[in-house]
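Here is the structure we will look at, set down as structure tokens.
There are 4 protein chains.
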Amino acid sequence: MPKKTGLVALHISRHVGRIDRKKKSELTRRAIVDAAELVVGELGYQGASISEITRRAGVALGTFYRHFESREKLFDQLLPEVGERMLEHVRVAIHGAQSALEVEHTGLEAFFDYLSRHPYFLRVLSEAQSLAPIAYEAHLKNVSRRYISSLRRSKKRGELKRLREDELETVAYMLMSAREYLASRLYRSGKRLSPSSVIQTYLKFVRAAFEGGNGGT
Amino acid sequence: MPKKTGLVALHISRHVGRIDRKKKSELTRRAIVDAAELVVGELGYQGASISEITRRAGVALGTFYRHFESREKLFDQLLPEVGERMLEHVRVAIHGAQSALEVEHTGLEAFFDYLSRHPYFLRVLSEAQSLAPIAYEAHLKNVSRRYISSLRRSKKRGELKRLREDELETVAYMLMSAREYLASRLYRSGKRLSPSSVIQTYLKFVRAAFEGGNGGT
Amino acid sequence: MPKKTGLVALHISRHVGRIDRKKKSELTRRAIVDAAELVVGELGYQGASISEITRRAGVALGTFYRHFESREKLFDQLLPEVGERMLEHVRVAIHGAQSALEVEHTGLEAFFDYLSRHPYFLRVLSEAQSLAPIAYEAHLKNVSRRYISSLRRSKKRGELKRLREDELETVAYMLMSAREYLASRLYRSGKRLSPSSVIQTYLKFVRAAFEGGNGGT
Amino acid sequence: MPKKTGLVALHISRHVGRIDRKKKSELTRRAIVDAAELVVGELGYQGASISEITRRAGVALGTFYRHFESREKLFDQLLPEVGERMLEHVRVAIHGAQSALEVEHTGLEAFFDYLSRHPYFLRVLSEAQSLAPIAYEAHLKNVSRRYISSLRRSKKRGELKRLREDELETVAYMLMSAREYLASRLYRSGKRLSPSSVIQTYLKFVRAAFEGGNGGT
DNA sequence: AATGAATGAGAGTTCATTCAT
DNA sequence: GATGAATGAACTCTCATTCAT
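Chains as they are written, first to last, in my numbering: chain A, 7 to 223; chain B, 7 to 223; chain C, 7 to 223; chain D, 7 to 223.
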């Protein structure tokens, strides 16, 4: 019995060993991604050297290259990955919203809320446009896909009478860029504006476009 | 006599020399700025090395430091300087517009027109947000000051009833960011959208916010 | 009973296991050596990383260090080991040759034949001179020992009248180097010469030195 | 006068300045090449890191890249450059030799003489075959061109009756490789042989092939 | 005996900046 | 003022080797 158990145990321990290794490796990868978000948030993509990232992640420099092909490849993955966490936060918040305008309202509040809790995210997002364009495109796709289909559903429910189906994409991009930009204004530099007043103005603007009858053209 | 003449001549030549020098120096400086716009437009701020910029400007590397304290300082001045040329183009176009909406319409068309004529400008503009933040702020100030006071004038003429005075700044930022962003979409990457359709949607959106009665809150 | 059987079985299996293990271990070692020849042949000693060698051998990276103390130690053993296979091929071919000249002729043909069948060998051989000097010396010793004693036997049979006993070593080295070098010329780069014409010239050269009366000094 | 002289002096000094700079730059380049020969001679191509080479040349690391595009490009130029100095030494020595055999004799002695005076050259030469193949080819071309035309001239003078015109290239390669190889034997590792005895055997070998009537085929 | 994630020294290369001319 | 050779800190990336499993 002990022998068999021993063997079984061995068998298991081997198996467990592999799982452990894989798990540990996954943890290391996550540590690097988290450190990268931190460092990019503080120093920007340019200042985010591999040595600084690994130093903060608490791993050796060479370890980086077991998890990412290159610095560039990390940056290609960083925003989509941490962006997904932000999206999840917003998704939860807007669940159950009754109208397109409510989605805008709750969504923008949730976005601002996420930013105040994750101060590093905004720089990861905004610098990506120039410095990690592949990541930015991927993230944008993630966001715009949901955004556009949300607008479409609203239109099918009878809202957004002014906007044609084929205009929803441009509208989505305008609103996403406005949100991102207002966020930059709020959470960086001067900060002369308050989140709530910005939200109010944004909503007023959006309401005008979303409500009312057919807007022509 | 010859001496005196010589001296006078020298004096004159010195004087002329100074004017020439100043002129020549100014020309050199301009050559560097122009080359910088070109190089940043092609290779981005990151790829714009001093040696590449001076090579294109046709001056020696060391000459750069006669005109700019450092690479960063050049980048601090680049966008405000070339941005002024873009603004002038737009300014001329919107001169004589009768309403806020017409300003928007003519202004956006002029902006797009400028971009298609100066393909390097867009990258200088959009990358500046991350890579030359001081320049970006300065440019933004230049643009927003004119934008906001234009909106104010419209409001004084009885337009923009929905918007309160203190909301004009936020509105201006939203619209500037939307313009810049739509430009990125149009003049880079996929280009699935046509300028005119984007302009139409943009205007419809803006019209909704600009026209109509008081929008509450 | 089941227990005892179990134990016996275990004992047997252990015994068998040991033989198997030894065999398997030897197979693994051979797999690594073969992979190393392949990789060095393709990428050179410099490009032959442990990870590439083990990848091609189908074993884990760490397994390498069960069989070789270090990368360098592998390279110390590689050429002598694969060189022995080449030598065997030549040995078989020259068996029964009637004169020193016939040995030269058949041997050179067999050498060229081996190279065309084992395209990886030549690089393992020629780069070893710089990059695996210990291996090169060992291989050279293997080759020259046989070569010199073959020349000696010929001399004892009355051939090679021009050459003194103490000159045979230098002659052997000259001929070996010429062979290796001609092989490089033939099987690499330009290949403007044909094997048979090179062999003819080589033999003419050797014949002159091997035949005829005492050459003086 | 002083003024004019001053101006002239200025003019001259400017001109001289440029020449000085160019000269100084050329000296720096030469210092790097010399250091590279030294380091490759001691540590081999593999051990010849840029940092070690520049350290010995007494210049900053970055200076290297003002004179060579890359480490590889330096290695492409190193052997042809230092090889030319060796060739010059040999050229002077064989000047006035009366026969092909005398050329061989004087040339080999001069080669060995050069090697004993420039102990670093041999490794630069022999490792180049594997580690700087472009340089090796270039050097070989330099050497073989002279060698082959020297053999041709001898043949035209009635020597080398055994060898056909089209065999001279193969013969040249055989002899060059034999010389290089014998040099390796003499100036590296064991050194059991003396230069003079090696030269004697080499010459005996060559004499057999060079002299005598038509050797058939 | 086999595994493969982790390590970290060290490589080649870039480039903003300096300064003697 | 203009020049451009020289500088060296800082970067990304490689890979032989170790060792816990």
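Even glycine gets a Cβ: it sits at the ideal position worked out from N, Cα and C.
Only a predicted model underlies this, so the values are computations on that prediction, with no experimental measurement involved.
Whether Leu85/B touches Leu131/B by CB criterion (8 Å): yes
Inter-stretch contact (C-beta, 8 Å, three-pair minimum) for the stretch 197-212 of chain A and the stretch 156-176 of chain B: yes
Same chain only: Cβ atoms within 7 Å of Gly64/D, ignoring 5 sequence neighbours per side: Ala37
Nearest residue (CA-CA) to Arg81/B, options Val96/B, Tyr142/B and Phe118/B: According to the sequence shown, residue 81/B is Phe rather than Arg. Ranking Val96/B, Tyr142/B and Phe118/B by Cα distance to Phe81/B puts Tyr142/B first.
DSSP state of His17/C mapped onto helix, strand, coil: Here the model assigns His17/C a pLDDT of 39, short of 50, so the residue's position is not dependable, and the following value carries that caveat. In the structure shown, His17/C sits in a helix (DSSP, three-state: H, G or I).
Under the three-state DSSP convention, the category Lys147/C falls into: helix
Listed by chain order, chain C residues near Ala215/D by CB distance under 9 Å: Lys210, Phe211, Val212, Arg213, Ala214 and Ala215
Inter-residue CB distance, Ala54/A and Ala66/A (contact presumed, cutoff 8 Å): Going by Cβ atoms, the distance from Ala54/A to Ala66/A rounds to 17 Å, so no, they are not a contact pair.
Minimum C-alpha distance to Gln104/D - residue among Glu186/D, Gly164/D, Lys28/D and Tyr187/D: Gly164/D
Three-way DSSP call (helix, strand, coil) for Pro125/D in this model: coil
Ala116/B to Ala178/A span [Cα, whole Å]: 23 Å
Residue-chain proximity (Val112/A, chain B), Cβ-Cβ < 8 Å: One point to set straight first is that residue 112/A is Thr, not Val, in the sequence displayed. No - not a single Cβ of chain B is within 8 Å of the one on Thr112/A.
Identity of the residue in Leu157/A, Tyr193/A, His73/A and Glu108/A nearest Lys28/A by Cα: His73/A
Spatial neighbours of Met182/C in its chain, beta-carbon cut-off 7 Å, leaving aside the 5 residues before and after: Val149, Ser150 and Tyr153
Collapsed DSSP secondary structure at Val65/D in the structure displayed: coil
4-residue-minimum alpha helix (DSSP H) runs that sit fully inside the stretch 35-96 of chain A, ordered along the chain: 56-63 and 67-73
Collapsed DSSP secondary structure at Leu174/B in the structure displayed: helix
Closer than 9 Å at the beta carbon, the chain A residues around Leu137/B: Gly50, Gln52, Glu133, Ser136 and Leu137
Spatial distance of Arg35/D from Ile56/B (CA atoms): 24 Å
Selection from Leu174/B, Leu107/B, His95/B and Lys79/B that minimises the alpha carbon distance to Ile140/B: Lys79/B
Neighbourhood of Pro201/A by C-beta distance below 7 Å, restricted to the same chain and skipping five residues each side: Phe118 and Leu192
C-beta neighbour in chain B for Glu78/A, strict 8 Å: no
CA-to-CA distance, Arg61/A to Leu199/A, given in whole angstroms: 37 Å
Contacting residues, own chain, Cβ-Cβ under 7 Å from Ser156/C (five flanking each side not counted): Val109
Euclidean distance between Cα positions of Arg158/D and Tyr71/C: 56 Å
Residues near Arg129/A in its chain [Cβ-Cβ closer than 7 Å; skip 5 each side]: Val46, Gly47 and Gly50
6 Å Cβ shell around Glu90/B - same chain, five flanking residues per side excluded: none
Tyr126/A versus Ser136/B: straight-line alpha-carbon distance, rounded: 14 Å
Burial state of Gly102/B (16 or more Cβ within 10 Å): exposed
Among Ala106/A, Ser122/A, Met92/A and Val96/A, nearest to Ser190/A - alpha-carbon criterion: Ser122/A
Option nearest Ala144/C by Cα separation, candidates Ile59/C, Ser203/C, Ser31/C and Val88/C: Val88/C
Contacting residues, own chain, Cβ-Cβ under 6 Å from Glu133/D (five flanking each side not counted): Gly50 and Tyr51
Helix, strand or coil at Leu137/D according to DSSP, with G and I counted as helix: helix
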